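What follows is a single structure, written as structure tokens, with notes after it.
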Amino acid sequence: MPGRVLVTGGTGYIAGELIDQLLAQGYRVHTTVRDKAKHEFRLRAGWPDAGQRLQVFETDLLGDAGWAEASAGCDAVAHVASPFPLGVPRDKDELIVPARDGTLRVLHHAKQAGIKRFIQTSSAAAIAYGQPGRHHFDYTDWTNLTTGVPPYIESKTVAERAARDWVAVHAHDMVFCSINPVAVFGPVHDDDLSTSVQVVKMMLDGRFPAIPDMGMSVTDVRDVARAHILAIEAPAEKVRGERFPTATRFLWLSEFAAILCSRTPELAARVPTRRMPDWVVKTLALVVPAMKQVRGELRNVREVSGRHTEDVLGFTFIDPEQTLADTARSLAAHNLLKR
Ligand code: NAP
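Under the working numbering, think of the first position of the sequence shown as 1, with each following residue one higher.
Right, here's the structure in full:
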């Protein structure tokens with residue numbers, strides 16, 4: 001019979017889809033938010049039939065308050081919450097401290113509550129960076145921090161490493177694994193858009209005058225959530241210590257544009273077709289912080305294989321063209337595109 005799962009960061013994109021799937025499958029869900037007064041009503045409105053099967057707790061990754069209550073009675077944790085900003089903070093500890101110390105805090109309270117299964121939402125950021133000249137990665141690879149990587153990438157790498165080290169020392173009987181998504185797209189639940197989905201929105205809204213010569217690997221939020229649930233349900237020996245990248249194909253942004261134009265032509269009037277010269281990207285990066293990350297990715301293929309996850313967890317990922325089309329349609333259905 002489905003049990004009770006703590007999903008951290010209930011306001012988030014991935015957590016929202018995960019809660020949706022868990023409730024649909026009969027699980028009871030505890031979720032955490034930083035401001036209960038602000039968010040509980042909205043969460044309850046999203047799942048009006050959940051009743052007592054959904055409970056909302058107020059916690060922050062930076063403090064202990066509320067975590068014991070949120071963990072009590074749960075069979076598993078999906079630790080999804082972590083800062084995921086569009087820009088780059090001045091101080092990298094704004095990301096690293098909540099990512100690393102927050103994960104250790106949630107692990108500690110999970111152990112205190114006797115929880116035996118812990119799924120960490122890590123990232124391909126912990127797999128595929130800091131290795132110039134390499135373009136293809138899989139679940140065995142680790143980001144190399146010695147070369148200097150952007151703060152978000154460092155935060156995810158440090159948090160996953162810290163979690164694995166902590167479990168090895170403090171919780172031998174806890175079954176721990178990570179889900180490592182590449183850039184996540186797919187249907188949205190509300191107007192609080194994740195950084196990855198904002199790329200598609202900006203493209204559909206005509207916010208890119210032209211397309212930089214960069215790309216990213218794509219995964220679907222429905223597959224990311226499904227991987228979490230399969231990792232909760234799988235026999236312990238199958239998932240203990242595992243890393244599960246969720247990823248389909250690497251696509252250039254020009255391919256994103258072509259897919260949006262062919263699969264959702266009614267929404268694609270503002271999608272750019274011209275290529276942005278590299279010198280424009282480099283100049284913009286001097287003044288627009290978000291463009292610094294684009295500059296670093298110019299002409300770079302960075303592909304992470306999700307094959308291991310499909311093989312071990314036993315499912316097939318949604319085709320990325322379908323994912324991008326569903327992202328666009330869902331943004332339109334929620335009236336989130338510029339008219
Ligand atoms: P999101 O929508 O921005 O959700 C992030 C969640 O983390 C929010 O619920 C946020 O709460 C919470 N959070 C941030 N700082 C916190 C703090 N100090 N205390 C408590 N909660 C805090 O992002 P997402 O796309 O769903 O990402 C969820 C997870 O997936 C993250 O761990 C991210 O690194 C990982 N991931 C995402 C992608 C992607 O492309 N989307 C790819 C790979 C991995 P508030 O609402 O209060 O800010």
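Note that beta-carbon positions come from the ideal geometry of N, C-alpha and C, so glycine has one too. These figures come from a predicted structure and were not determined experimentally.
Would residue i and residue j qualify as a contact pair, given that the criterion is a beta-carbon distance under 8 Å?
i	j	result
residue 295	residue 280	no
residue 32	residue 66	yes
residue 204	residue 166	no
residue 195	residue 85	yes
residue 245	residue 168	no
residue 137	residue 176	no
residue 258	residue 217	no
residue 239	residue 185	no
residue 313	residue 227	yes
residue 250	residue 303	yes
residue 187	residue 305	no
residue 25	residue 229	yes
residue 154	residue 122	no
residue 414	residue 327	This structure leaves residue 414 out entirely; the chain is present only between 1 and 339.
residue 89	residue 151	yes
residue 140	residue 120	no
residue 209	residue 298	no
residue 110	residue 3	no
residue 126	residue 72	no
residue 243	residue 180	yes
residue 61	residue 37	no
residue 57	residue 78	no
residue 22	residue 5	yes
residue 99	residue 156	yes
residue 19	residue 74	no
residue 46	residue 189	yes
residue 214	residue 260	no
residue 197	residue 96	no
Is any heavy atom of the ligand NAP found at a distance shorter than 7 Å from the C-beta of residue i?
i	result
residue 60	yes
residue 14	yes
residue 156	yes
residue 84	yes
residue 196	yes
residue 121	yes
residue 248	no
residue 102	yes
residue 98	yes
residue 70	no
residue 183	yes
residue 9	yes
residue 149	no
residue 80	yes
residue 164	no
residue 124	yes
residue 218	no
residue 354	In the structure displayed, the chain extends from 1 to 339; residue 354 sits before or after that span and is not available.
residue 33	yes
Counting only beta-carbon separations shorter than 8 Å, does residue i have a partner in chain C?
i	result
residue 225	In the displayed structure, chain C is absent; only one protein chain is listed.
Determine, using beta-carbon pairs with one atom in the stretch 260-271 and one in the stretch 131-149, whether at least three such pairs fall under 8 Å.
-> Fewer than three Cβ pairs drawn from the stretch 260-271 and the stretch 131-149 lie within less than 8 Å of each other, which leaves the two stretches out of contact.
Quiz item: Any contact of the stretch 315-322 with the stretch 331-338, i.e. 3+ C-beta pairs under 8 Å?
Solution: Under the Cβ criterion (8 Å, minimum of three pairs), the stretch 315-322 does not count as touching the stretch 331-338.
Worksheet item: Where in the stretch 139-220 do unbroken runs of the beta strand (DSSP E), each at least 3 residues long, occur, reported from the N-terminal end onward?
Response: 175-181, 183-185 and 215-220, all fully within the stretch 139-220.
Any chance the stretch 19-30 sits against the stretch 46-56, with 3 or more Cβ pairs inside 8 Å?
At 8 Å Cβ cutoff, the stretches touch.
Tell me the start and end of each unbroken alpha helix (DSSP H) in the stretch 22-53 that is at least 4 residues and wholly inside, in chain order. As far as the stretch 22-53 is concerned, its whole alpha helix (DSSP H) runs of at least 4 residues are 36-46.
- [ ] Any chance you could list the beta strand (DSSP E) runs of at least 3 consecutive residues sitting entirely within the stretch 236-260, in chain order?
- [x] Taking 3 residues as the minimum length, the beta strand (DSSP E) runs contained wholly in the stretch 236-260 are 243-246 and 250-252, in order along the chain.
- Whole alpha helix (DSSP H) elements within the stretch 279-319, 4-residue minimum: Within the stretch 279-319, the complete alpha helix (DSSP H) segments at least 4 residues long are 289-297 and 307-313, listed from N- to C-terminus.
Go through the stretch 63-104 residue by residue and report every complete run of the beta strand (DSSP E) that reaches 3 residues or more, in order.
For the stretch 63-104, whole beta strand (DSSP E) runs of length 3 or above, ordered along the chain, are 76-79.
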